[in-house]
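Chemist: What follows is a single structure, and I will ask about it in a moment.
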Amino acid sequence: MHQAIRDSLKTGWVVIAVLAVLTAVEFLVAVVFDNTAILFTLLLLVALLKAWLIIQYFMHFGQLWKHVSDAWYGMLIDDPEIDREED
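Next up, the structure:
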């Protein structure tokens, strides 16, 4: 197997392991804390971290970010004067 594929698979398994650990942390936080504000804050932080890991490593959003930012830049910084000059 090529080294790049091996590294990619290793990264995927590490991320899966981290997600499993974070799920266990969520469970422990839910069992240990009675204060609603602390419980909500900690669970929200863990959920956001898990969401970031999934988006970054399994949805490959990091690879797409340059293209997405270029598209948004083109839509948001659209100058009507330039459009009229092109016509």
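Per this note's numbering, residue 4 is the first one in the sequence shown, and the count goes up by one each step.
Virtual Cβ for every residue (Gly too), placed ideally from N, Cα, C.
Since the structure is predicted, the reported quantities are computational estimates derived from the model, not experimental observations.
Assuming the contact rule is C-beta atoms closer than 8 Å, residue 34 and residue 49 should be a hit. Round their C-beta distance to whole Å, please.
Modeler: Not really, about 14 Å apart at Cβ, beyond 8 Å.
Chemist: So, helix, strand or coil for residue 64, using DSSP?
Modeler: Three-state DSSP puts residue 64 in a helix.
Chemist: Under DSSP, the alpha helix (DSSP H) around residue 6 begins and ends at which residues?
Modeler: It spans 6 to 35 - the alpha helix (DSSP H) in which residue 6 sits, taken as one unbroken run.
Chemist: Put residue 57 into one of helix, strand or coil per three-state DSSP.
Modeler: Helix at residue 57.
Chemist: Among residues of its own chain, excluding the 5 on either side of residue 46, which ones have a beta-carbon nearer than 8 Å to its beta-carbon?
Modeler: These residues qualify, in order along the chain: 29, 32 and 33.
Chemist: State the Cα-Cα distance for the pair residue 76 and residue 23, rounded to the nearest angstrom.
Modeler: Going by the C-alpha atoms only, they are around 37 Å apart.
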